[in-house]
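Residue numbers (the numbering used here): 3 to 219. Virtual Cβ for every residue (Gly too), placed ideally from N, Cα, C.
Next up, the structure:
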């Protein structure tokens with residue numbers, strides 16, 4: 003068996019039309035029209051059966067411009083089996099372990115699909131970040147910061163926090179140069195757990211609006 007694992011062949015799918023307006027997240031959904039699978043280096047086969055609905059969105063949306071958006075790049079096939087594996091993980095007896103296994107498989111499938119080791123490491127960091135988003139209070143609150151004397155707002159704070167955390171992860175990976183997957187996984191988990199432990203920062207009080215001076219007579 004090849005070291006990197008193997009895919010069944012090219013996937014076949016059809017687009018699903020979202021019932022809402024253009025831009026509806028469901029408008030990315032596709033359904034597989036025949037079985038597709040990936041067999042990992044250990045011999046485990048990860049199935050994406052016909053009828054599965056996938057959208058390639060297990061990487062958080064704020065990272066699409068950095069890591070890659072759904073259905074692009076050499077990780078496209080990996081994203082299909084990963085989407086299905088993540089769906090199964092949500093109902094597994096040990097959700098965290100099942101999601102971690104799915105993310106490990108995604109890393110292997112990215113390599114098998116033609117990603118470079120450096121790209122596969124960043125993609126793995128992206129999906130691991132996605133796995134813990136719901137557990138981070140700073141990222142799932144609708145926080146916005148008012149600008150002085152205006153009603154405008156800065157970019158969405160949670161989205162920028164996700165991008166900042168990913169940049170920190172990327173820098174840590176580049177500095178450490180992990181030689182094995184267990185080293186990579188340990189580095190990523192240590193960083194994310196430190197983020198989970200951070201308290202929600204206190205928001206500054208709203209800036210006082212400046213009053214216009216009356217015109218001199």
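What's the C-alpha gap between residue i and residue j?
i: residue 2; j: residue 87; result: Residue 2 lies beyond the stretch modelled for the chain, which goes from 3 to 219, so this question has no answer here.
i: residue 16; j: residue 39; result: 17 angstroms
i: residue 73; j: residue 189; result: 28 angstroms
i: residue 135; j: residue 35; result: 31 angstroms
i: residue 44; j: residue 173; result: 30 angstroms
i: residue 62; j: residue 170; result: 16 angstroms
i: residue 193; j: residue 200; result: 11 angstroms
i: residue 121; j: residue 97; result: 26 angstroms
i: residue 76; j: residue 99; result: 26 angstroms
Pull the bridge partners of residue i from the DSSP assignment, please.
i: residue 39; result: 49
i: residue 34; result: 15
i: residue 56; result: 32
i: residue 168; result: Bridge partners of residue 168: none, in fact.
i: residue 9; result: 40
Among residues of its own chain, excluding the 5 on either side of residue i, which ones have a beta-carbon nearer than 6 angstroms to its beta-carbon?
i: residue 41; result: 7, 8 and 47
i: residue 65; result: 128 and 168
i: residue 49; result: 39
i: residue 54; result: 34 and 86
Going by C-alpha distance, which of the options is nearest residue i?
i: residue 133; options: 35, 60 and 32; result: 60
i: residue 14; options: 178, 193, 51 and 43; result: 51
i: residue 123; options: 175, 99 and 16; result: 175
i: residue 166; options: 127, 187, 181 and 185; result: 127
i: residue 31; options: 82, 45 and 62; result: 82
i: residue 131; options: 108, 191 and 54; result: 191
Less than 8 angstroms between C-beta atoms, sequence neighbours within five positions excluded: which residues of the same chain meet that for residue i?
i: residue 178; result: 185 and 189
Keeping to the same chain, check which residues put their C-beta closer than 7 angstroms to that of residue i; ignore five residues upstream and five downstream.
i: residue 161; result: 64
i: residue 180; result: 186 and 189
Worksheet item: Does the count of Cβ pairs from the stretch 73-86 and the stretch 103-111 closer than 8 angstroms reach three?
Response: yes
Worksheet entry | Touching by the beta-carbon criterion (3+ pairs, under 8 angstroms), the stretch 10-21 and the stretch 60-77 | As far as the Cβ criterion goes, the stretch 10-21 does not touch the stretch 60-77, which means the pair count is below three.
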